[in-house]
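Novice:
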Amino acid sequence: MYQPQISVKTGTLIGVEALVRWNNTLLGPISPNEFIHVAEDIGMINDIGRFVNKQSMQDILQFNRLTNSNLRLSINISPKQLMEPLFVDDILNTAQDVGIKNQLITLEITENVLIVNVKKAQPILQQLKDSGFKLSLDDFGTGYSSLSYLNNLPINEIKIDKTFIDKLLTNNQSESLVKTIIAIGKLSQMTVVAEGVETKEQYERLAHLHCDKIQGYYFDRPLSLEALIAKYK
Ligand code: C2E
Ligand code: CA
Ligand code: CA
Ligand code: CA
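Residue numbers 1 to 233, in the working numbering, belong to the letters of the sequence shown in order.
(1) Relative to ligand 1, is the shortest distance from any of its heavy atoms to the C-beta of A18 smaller than 7 Å?
(2) Could you tell me if the beta carbon of E108 falls within a distance shorter than 7 Å of some heavy atom in ligand 2?
(3) May I ask you to report which of helix, strand or coil DSSP gives S188?
(4) State the Cα-Cα distance for the pair I124 and I60, rounded to the nearest angstrom.
(5) Check V193 in the structure and name its three-state DSSP category.
(6) Mind checking whether the beta-carbon of D212 lies closer than 7 Å to any heavy atom of ligand 3?
(7) State buried or exposed for V116, treating a residue as buried only when at least 16 other CB atoms are found within 10 Å of its CB.
(8) Does K101 come out as helix, strand or coil in the three-state DSSP assignment?
(9) Does the Cβ of E195 lie closer than 7 Å to at least one heavy atom of ligand 3?
(10) What separation, rounded to the nearest whole angstrom, lies between the Cα atoms of R72 and L107?
(11) According to the Cβ coordinates, are K134 and N156 closer than 8 Å?
(12) Quick check on D161: does DSSP put it in helix, strand or coil?
(13) Can you tell me whether DSSP reads D59 as helix, strand or coil?
(14) Would you kindly check if the distance between the Cβ of V98 and the Cβ of K54 is under 8 Å?
(15) Under a Cβ-count criterion, where at least 16 other Cβ atoms within 10 Å of its own Cβ denotes burial, should F51 be classed as buried or exposed?
(16) Which one of V192, P154, I184 and Y203 has the shortest CA to CA distance from K167?
(17) Just confirm the distance between the C-beta atoms of G143 and N172, as a whole number of angstroms; I'd bet it's less than 8 Å.
(18) Going by the DSSP bridge assignment, what does G15 pair with across the sheet?
(19) Could you spell out where the alpha helix (DSSP H) holding L147 opens and where it closes?
(20) In this structure, what does DSSP give as the bridge partners for D138?
(21) Distance check for M83 and I109, CA to CA, integer angstroms please.
(22) With distance defined between alpha-carbon atoms, name the residue in E198, S56, K231 and T180 nearest to N102.
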């Protein structure tokens with residue numbers, strides 16, 4: 001599924017985040033929160049990752065050709081995937097085979113992972129950046145990171161975690177934190193994305209605070225490719 005990301009400045013669609021789904025015949029639809037960690041444990045995450053990479057790149061290329069646009073694609077990369085020796089070669093090959101520009105692709109990596117393993121992650125991230133991919137720090141604010149490492153990693157974007165957006169209008173501390181994250185992003189010349197935006201009021205506050213991009217049910221739930229094309233063509 002693909003969840004739209006809207007530019008606050010222009011109010012238009014600029015990208016989508018790919019969110020994997022598992023429809024099991026017996027159990028019905030299963031959330032990635034339920035199965036990604038299991039897939040990691042049983043050694044299936046790389047197969048799932050390769051499937052997600054290829055399918056989403058093909059779909060977005062199709063969207064772009066059909067609508068003559070340059071929609072960006074964000075893909076979630078689990079820690080185990082990132083650290084897999086063949087990860088960089090794999091994703092480079094996939095993008096090349098599919099025929100999509102690396103520059104259109106953002107890889108979302110959760111903050112916690114990087115803190116645990118900065119030394120190991122740094123050269124991998126640098127290689128990805130040098131190949132043209134953009135890198136996004138997902139669930140920002142939920143880890144216990146020091147700010148200094150932000151400058152040492154080639155990060156282009158931070159995503160403010162939904163838990164802070166949920167409390168944005170009701171909790172002064174959350175609003176201060178969101179303001180601070182946006183300020184840090186601007187100072188470090190990173191794009192700032194807010195996820196989990198569900199109401200007009202949250203959207204307006206974030207626009208007022210100069211957040212760059214918005215993603216959430218207020219605009220769209222995750223959509224199938226067909227629904228994305230139907231709505232945004
Ligand atoms: P995430 O990357 O933080 O993704 C955001 C989650 O919040 C998604 O849940 C999305 O559907 C949901 N969401 C977006 N906007 C709203 C909103 O306004 N309100 C509410 N209540 N929820 C919203 P989803 O799709 O169930 O994914 C859960 C997590 O699973 C993701 O969290 C991500 O960490 C992981 N995931 C999803 N797809 C993949 C994938 O292809 N590969 C890997 N490795 N992980 C994935
Ligand atoms: Ca994400
Ligand atoms: Ca997130
Ligand atoms: Ca998350």
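Just so you know, even glycine gets a beta-carbon here, dropped at the ideal spot from N, CA and C.
Just so we're clear, the structure is a prediction, and the values are computed from it rather than from any experiment.
Specialist: This is what the structure gives:
(1) Your numbering for residue 18 matches position 18 in the sequence shown. For ligand 1, at least one heavy atom lies less than 7 Å from the Cβ of A18.
(2) As a first step, residue 108 is located in the sequence shown; it is residue number 108 there, counting from the start. Result yes, Cβ under 7 Å from ligand 2.
(3) The residue you call residue 188 lines up with position 188 of the sequence shown. Reduced to three states, the DSSP call for S188 is coil.
(4) As a first step, residue 124 must be located in the sequence shown, where it is residue number 124. As a first step, residue 60 must be located in the sequence shown, where it is residue number 60. Going from the Cα of I124 to the Cα of I60 covers about 25 Å.
(5) Counted from its first residue, the sequence shown places residue 193 at position 193. Three-state result, V193: strand.
(6) The count along the sequence shown starts at 1 and reaches residue 212 at position 212. Incorrect: D212 has no Cβ contact closer than 7 Å to ligand 3.
(7) Within the sequence shown, residue 116 is the residue found at index 116, counting from 1. Answer is exposed; the Cβ neighbour count stays below 16.
(8) Against the sequence shown, residue 101 aligns to sequence position 101. Residue state, collapsed to three classes: coil.
(9) Your numbering for residue 195 matches position 195 in the sequence shown. It does: the Cβ of E195 is within 7 Å (strictly closer) of some heavy atom of ligand 3.
(10) For the purposes of this step, residue 72 is identified with residue 72 of the sequence shown, where counting begins at 1. For the purposes of this step, residue 107 is identified with residue 107 of the sequence shown, where counting begins at 1. Cα to Cα, the separation comes out at about 11 Å.
(11) Residue 134 sits at position 134 when you count from the first residue of the sequence shown. Residue 156 sits at position 156 when you count from the first residue of the sequence shown. Yes, they are a contact pair.
(12) As a working mapping, residue 161 is identified with position 161 in the sequence shown. Three-state result, D161: coil.
(13) As a first step, residue 59 is located in the sequence shown; it is residue number 59 there, counting from the start. Helix at D59.
(14) Position 54 of the sequence shown, counted from the start, is the residue given in the question as residue 54. Position 98 of the sequence shown, counted from the start, is the residue given in the question as residue 98. Yes, they are a contact pair.
(15) For the purposes of this step, residue 51 is identified with residue 51 of the sequence shown, where counting begins at 1. The residue in question, F51, is exposed, as its Cβ has fewer than 16 Cβ neighbours within 10 Å.
(16) Working through the sequence shown from its first residue, we reach residue 167 at position 167. For K167, the nearest C-alpha among the options comes from Y203.
(17) Counted from its first residue, the sequence shown places residue 143 at position 143. Counted from its first residue, the sequence shown places residue 172 at position 172. In fact, because the Cβ distance is near 22 Å, the residues do not count as touching under 8 Å.
(18) For this step, residue 15 is matched to residue 15 along the sequence shown. Looking at the DSSP assignment, G15 forms a beta bridge with Q5 and R72.
(19) Locating residue 147 in the sequence shown gives position 147, where the first residue counts as 1. Run containing L147: none; DSSP gives neither H nor E here.
(20) Stepping through the sequence shown from its first residue, residue 138 is reached at position 138. DSSP output for D138 lists T110 as bridge partner(s).
(21) If you number the sequence shown from 1, residue 109 lands on position 109. If you number the sequence shown from 1, residue 83 lands on position 83. Between I109 and M83, the C-alpha separation is close to 12 Å.
(22) Counting from 1 along the sequence shown, the entry for residue 102 is found at position 102. Looking at the Cα atoms, S56 is the closest of the given residues.
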